[in-house]
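Only one structure is covered here, and it is reproduced in the block below.
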Amino acid sequence: MSDESLQQLSALIDGRLEGDDSRSIIGEAIDDKELRATWTRYHLIGEGLRWNLPHAIDPDFARRVSLALENEPAILAPKRRRASWLASVVGVAMAASVAAMAVLIIEQLGIDAGEGAQQPLVLGPAMTTLNPLPIATVRWRTTERSPAPERLHSYLVNHSQYTSNFGMEGVSPYFRIVGYAANQNQ
Amino acid sequence: MMALKPAALMTCTALLWGAALSAWGEDSSAQARKIMGQMSLATKTLNYDATFVYIRGNNVASMRIIHKADAGGEHERLVSLSGSAKEVIRNQQEVTCIFPSDRAVMVDKRRPPQIRAGLPQRIETISDYYTYSVLGGDRVAGRPTWVVAIQPNGDDRFGYRLWVDTSSHLLLKSEVLDVNGNVLEQVLLTAIEVPREIPDSLLQASISGQGYTWHTTKRGSRTAAYRAEADWTAHWLPVGFSMQDRTVRAMDGNAEPVSHMVFSDGLATVSIFVEKLPPDQPRKEGFSASGAVHTYSRMSDDHQITVVGEVPPATLHKIAISVSARTASP
Numbered sequence: 004m005s006d007e008s009l010q011q012l013s014a015l016i017d018g019r020l021e022g023d024d025s026r027s028i029i030g031e032a033i034d035d036k037e038l039r040a041t042w043t044r045y046h047l048i049g050e051g052l053r054w055n056l057p058h059a060i061d062p063d064f065a066r067r068v069s070l071a072l073e074n075e076p077a078i079l080a081p082k083r084r085r086a087s088w089l090a091s092v093v094g095v096a097m098a099a100s101v102a103a104m105a106v107l108i109i110e111q112l113g114i115d116a117g118e119g120a121q122q123p124l125v126l127g128p129a130m131t132t133l134n135p136l137p138i139a140t141v142r143w144r145t146t147e148r149s150p151a152p153e154r155l156h157s158y159l160v161n162h163s164q165y166t167s168n169f170g171m172e173g174v175s176p177y178f179r180i181v182g183y184a185a186n187q188n189q
Numbered sequence: 066m067m068a069l070k071p072a073a074l075m076t077c078t079a080l081l082w083g084a085a086l087s088a089w090g091e092d093s094s095a096q097a098r099k100i101m102g103q104m105s106l107a108t109k110t111l112n113y114d115a116t117f118v119y120i121r122g123n124n125v126a127s128m129r130i131i132h133k134a135d136a137g138g139e140h141e142r143l144v145s146l147s148g149s150a151k152e153v154i155r156n157q158q159e160v161t162c163i164f165p166s167d168r169a170v171m172v173d174k175r176r177p178p179q180i181r182a183g184l185p186q187r188i189e190t191i192s193d194y195y196t197y198s199v200l201g202g203d204r205v206a207g208r209p210t211w212v213v214a215i216q217p218n219g220d221d222r223f224g225y226r227l228w229v230d231t232s233s234h235l236l237l238k239s240e241v242l243d244v245n246g247n248v249l250e251q252v253l254l255t256a257i258e259v260p261r262e263i264p265d266s267l268l269q270a271s272i273s274g275q276g277y278t279w280h281t282t283k284r285g286s287r288t289a290a291y292r293a294e295a296d297w298t299a300h301w302l303p304v305g306f307s308m309q310d311r312t313v314r315a316m317d318g319n320a321e322p323v324s325h326m327v328f329s330d331g332l333a334t335v336s337i338f339v340e341k342l343p344p345d346q347p348r349k350e351g352f353s354a355s356g357a358v359h360t361y362s363r364m365s366d367d368h369q370i371t372v373v374g375e376v377p378p379a380t381l382h383k384i385a386i387s388v389s390a391r392t393a394s395p
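Written out as C-alpha cells, the structure is:
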C-alpha cells in the first residue's frame with residue numbers, strides 16, 4: 004500500500020478521481036485488504052469531521068446487505084462482483100483499531116454534549132453496546148451488581164468532602180471527580 | 066520496617082533504602098513526620114497555581130488547581146484541562162461542582178468550618194497503623210523534593226508515597242499503593258507557581274451556569290424522626306478508625322434521606338451510605354473501583370449499604386457486612 008495509493012484513495016473518497024484512475028484504485032482495493040480497511044477508516048474520519056457519525060455503527064450491516072445480495076440472484080447478478088467487494092469493504096469486520104478510532108473521533112469532537120450522547124453507541128463485531136455515561140460520572144470499574152455509576156458518583160462527591168478534613172492533605176480531594184478520563188470504553 | 070512481610074514492602078526503592086534507613090530508622094520516621102507536618106501547613110496556608118496530571122491505570126487527566134489562603138479562609142478552584150471543562154470551586158461556605166456536558170451544577174453547602182486536629186497532630190496518633198520513612202530525594206516539576214513513604218502496618222489499608230517540595234513544602238507528587246506495592250493512582254504536578262497574590266478573577270468559574278440545572282444540597286434537612294430510625298452502625302472497622310461525622314441528607318433519585326457516616330484513621334477515609342430503596346429500584350450488591358477509591362454495596366432487607374473509601378476492597382467488604390441497624394430507639 005503505497006503513499007500514492009493512499010492519496011488516490013483519499014481523492015476517490017473526496018470525489019476528485021475519475022475514469023481510469025478511479026478504476027485503478029478500486030481495482031487495487033479489491034485485492035488489498037489493508038487498503039479496504041483504510042477506505043473504511045477514511046470514510047469514518049470524514050464522517051466524523053463532518054459531524055455526521057451516526058449514534059450507532061452497525062458493523063454487521065454490510066454483511067447483512069452482502070448476504071441479502073447473495074440471495075438476490077436475478078437482478079443484481081451482473082453486478083455481483085462489484086457489489087460483493089463493496090459490501091466486503093464496508094463490512095470489513097470493525098477491527099479493534101477502527102472501533103477505537105471511532106470512539107476517539109466522537110470524543111475529540113465533543114459529541115458527548117448532544118442529545119444523541121445518551122443513545123447507545125454500537126461498535127465492534129461483538130456488537131458491544133456502550134451506553135455513554137453522563138460526563139459528570141466518574142469512570143468506575145463496576146460489575147453488573149454494583150449500583151449505578153450516577154449513584155456512586157453522588158457518594159463520591161459526598162465522601163470527598165471528608166477526605167480533605169480527615170484524610171491525606173495535599174492536592175484537592177476533588178481531583179477524582181474532575182479527573183474522570185474521557186474514554187468510556189473499558 | 067524490616068519486620069513487615071515482604072508483600073507490604075512497597076517498592077524496590079524502599080528495599081534499597083531500607084538498609085540505609087535501618088541505621089537511622091528512628092530519625093527517618095521523625096523526619097518524615099516533620100515533612101508531612103510542613104506539607105499539611107503549606108497546603109492550607111500558601112497561594113499556589115499548579116497544573117497536574119491524575120493517572121489511574123491507563124487513564125490520564127490533566128487539571129489546574131488554584132489555591133488562595135487569606136483572612137477569609139481557603140479558596141480553591143479545580144479545573145479540568147482535558148475532556149469536558151469540569152470545575153470544582155470550594156470555599157469555607159460551599160462546594161460547587163460544574164459539569165458543562167450535563168449542563169448541571171451541584172452546590173453543596175457545608176456546615177461551618179470546625180476546628181479539627183490537623184494532620185501534624187494526627188500523625189502522632191496514627192503511627193501505630195502506619196510506618197513513616199524518608200526514602201530520599203527526587204525531582205518533580207523541576208523542583209527538588211523529599212520522598213516520604215507511608216506504609217500500612219497490615220493489609221487493611223493502602224500505602225502512600227509523597228514527593229514534597231523541599232522549599233515550599235507543597236505536595237508535588239503522590240502515589241497510592243496497594244498491599245503488593247502496585248500503584249493504584251498518582252497525582253503528578255507538572256508546573257507550579259507560588260505567587261504572593263492570587264487575583265479573585267482566577268477563582269471565578271469560567272461558566273456562569275445560566276441555563277444549567279442546579280442541584281443544591283443543604284444540610285439540616287434531617288428530621289428527628291428519621292434520625293431515630295436511621296441508627297445504623299458498623300460493628301467492625303480496622304483498628305484506629307473512628308467515626309468523624311454522621312449526617313442524613315437528601316440525594317437525587319431517592320425520596321428517602323440517605324444516611325452517611327464517615328470514619329477515618331487519620332489518613333484513609335471510609336464513608337458508609339445507607340439508603341432505603343424504593344420497591345421498583347433494582348437491588349445491587351458488589352464491588353466497584355475508581356483509582357484508589359473502592360466501593361462495596363450490599364442489601365440489608367430493603368436498605369442498600371454502600372461503603373466507599375481509599376482502602377482495599379477486602380476491608381470495605383468486612384466493614385459492609387458488619388453494618389446493621391441498631392434497635393430503633395423509642
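Each protein sequence line maps, in turn, to chains A and B.
Numbering follows the working numbering, with no gaps: position 48 of the first sequence is 51.
Numbering follows the working numbering, with no gaps: position 116 of the second sequence is 181.
Glycine residues also receive a C-beta, built at the ideal position from the N, C-alpha and C atoms.
Source: prediction; values computed, not measured.
Does the distance from the C-beta atom of residue i to that of residue j stay below 9 Å?
i, j, result
"B/ASP230", "B/THR255", "no"
"B/MET101", "B/VAL213", "yes"
"B/VAL313", "B/VAL323", "yes"
"B/THR371", "A/TYR158", "yes"
"A/ILE16", "B/LYS151", "no"
"B/PRO264", "B/VAL376", "no"
"B/TRP297", "B/ILE337", "yes"
"B/LEU249", "B/LYS238", "no"
"B/MET364", "B/LYS349", "yes"
"B/ILE163", "B/GLY274", "yes"
"B/ALA126", "B/LYS109", "no"
"B/MET128", "B/SER149", "no"
"B/VAL244", "B/PRO217", "yes"
"B/VAL373", "A/HIS162", "yes"
"B/TYR195", "B/LEU381", "no"
"B/ALA299", "B/SER387", "yes"
"B/TYR361", "B/ALA385", "yes"
"B/LEU236", "B/GLY224", "no"
"B/LYS341", "B/HIS359", "no"
"B/ARG208", "B/ASP330", "no"
"B/SER353", "A/LEU47", "no"
"B/LYS94", "B/SER192", "This sequence places Ser at residue 94 of chain B; Lys is not what is there. Taking 9 Å as the Cβ cut-off, B/SER94 and B/SER192 qualify as a contacting pair."
"A/SER8", "A/ASP35", "yes"
Taking the DSSP output, what are the residues bridged to residue i?
i, result
"B/TRP228", "B/VAL212, B/LYS238"
"B/ASN124", "B/ARG121"
"B/GLU340", "B/GLN369"
"B/GLN96", "Its beta-bridge partners do not exist; DSSP assigns none."
"B/LEU253", "B/VAL118, B/LYS238"
"A/LEU9", "A/LEU9 pairs with nothing; no bridge assigned."
"B/LEU143", "B/ILE130, B/VAL153"
"B/TYR195", "B/PRO217"
"B/VAL313", "B/SER324"
"B/ASN319", "B/MET316"
"B/MET104", "The partner list for B/MET104 (beta bridge, DSSP) is empty, contrary to what the question assumes."
"B/GLY138", "B/ASP135"
Keeping to the same chain, check which residues put their C-beta closer than 7 Å to that of residue i; ignore five residues upstream and five downstream.
i, result
"B/LEU260", "The sequence shown places Pro at residue 260 of chain B, not Leu. Only ASN112, ASP114 meet the Cβ criterion."
"B/SER233", "ALA107, LEU111, VAL259"
"B/ASP411", "There is simply no residue 411 of chain B to check, as chain B begins at 66 and stops at 395 in what is shown."
"B/ALA169", "TYR277, THR278, HIS280"
"B/GLY356", "ARG121, LEU249, GLU250"
"B/LYS383", "TRP301"
"B/GLN96", "VAL199"
"A/VAL160", "ILE180"
Might you give, ordered along the chain, the residues of its own chain that have their beta carbon closer than 6 Å to the beta carbon of residue i, omitting 5 neighbours on each side?
i, result
"B/GLU141", "HIS132, ARG155"
"B/ARG226", "ALA214, GLU240"
"B/ALA379", "none"
"A/SER25", "LEU15"
"B/SER286", "Its pLDDT being 47, under 50, B/SER286 is placed unreliably in this model, and the value from its coordinates should be taken loosely. If we look at B/SER286 and ignore the five residues flanking it on each side, its Cβ neighbours are ALA315."
"A/TYR165", "none"
"A/LEU20", "ALA14"
Contact defined as beta carbons within less than 8 Å: I believe residue i pairs with residue j. What is the distance between those atoms, to the nearest angstrom?
i, j, result
"A/TYR177", "B/LEU143", "5 Å"
"B/ALA206", "B/ILE130", "Incorrect: roughly 13 Å between the Cβ atoms, too far for contact."
Quick one: which chain E residues come within Cβ less than 7 Å of residue i?
i, result
"A/TYR177", "Annotation note: the requested chain E is absent from the structure, which comprises protein chains A and B."
Excluding the 5 residues preceding and the 5 following residue i in the sequence, name in chain order all residues of the same chain whose CB lies nearer than 8 Å to its CB.
i, result
"B/PRO343", "ASN319, ALA320, GLU321"
"A/LEU12", "ILE28, ALA32, LEU38, THR41, TRP42, TYR45"
"B/MET308", "MET326, VAL327, PHE328"
"B/ALA36", "Coverage of chain B is limited to positions 66 through 395, which leaves residue 36 of chain B absent and any answer about it impossible."
Please determine whether the Cβ atom of residue i lies at a distance below 8 Å from any heavy atom of the ligand GDP.
i, result
"B/GLN251", "No copy of the ligand GDP occurs in the structure displayed, which carries no ligand at all."
Please go through the region 12–42 of chain A and give each complete alpha helix (DSSP H) segment of 4 or more residues, from N-terminal end onward. 22–34
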